[in-house]
Each structure stands twice: as C-alpha cells, then as structure tokens.
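Enquirer: Take a look at this one; I'll ask things after.
Quick look at the structure:
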C-alpha cells in the first residue's frame, strides 16, 4: 500500500507534487493504486504514465481510518 498525506490538495502545485511522489512509489513497488490522505478532499484520479494505469484515491484521513477499522 502506498500512501501520501497532506492537509489539502486545493493548490495545483501541491496536488501535482503529492501525485508525483505517489506515482514514484507505485512504480517502484509495482502497485496500481494508492491513497492521498487529506483533511477534507475526496475523489479518485485515474492516471496513465508510461502506458501503465494507476488509480489514486484522495480521501479524508478520518474516513480512511474508519474504513480500515471495518476491514
């Protein structure tokens, strides 16, 4: 599991930095999905890089923690 954590990805520079870092980890560890944990944003980004497809789930940390407890 690859995870990035930041308060907000509202600024495009921050969003891109967090996605780039997560993509590096996904490529290094041969994963196809990862998480960016935020204070309140939530969405799914589908990204193609070097002909590989990645899903990045952006989710509030409180919601991610509750889902982890359920599983």
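In our numbering, the protein residues as written are 223 to 293. Built from N, CA and C at the ideal position, the CB exists for glycine as well. Model, not experiment: these values are computed from the prediction.
#1: Let me check understanding here. Comparing Cα to Cα, which of 288, 289 and 251 lies closest to residue 223?
#2: Give the DSSP-derived three-state secondary structure of residue 231 in the structure shown.
#3: Who does residue 276 pair with in a DSSP beta bridge?
#4: Go through its chain and collect everything with a Cβ distance to residue 286's Cβ below 8 Å, but skip five positions before and after it.
#5: Using a Cβ-Cβ distance cut-off of 8 Å, determine whether residue 255 contacts chain D.
Expert: This is what the structure gives:
#1: Taking only the C-alpha atoms, the option nearest residue 223 is 251.
#2: coil
#3: 269
#4: 257 and 259
#5: The structure shown contains no chain D; it holds only a single protein chain.
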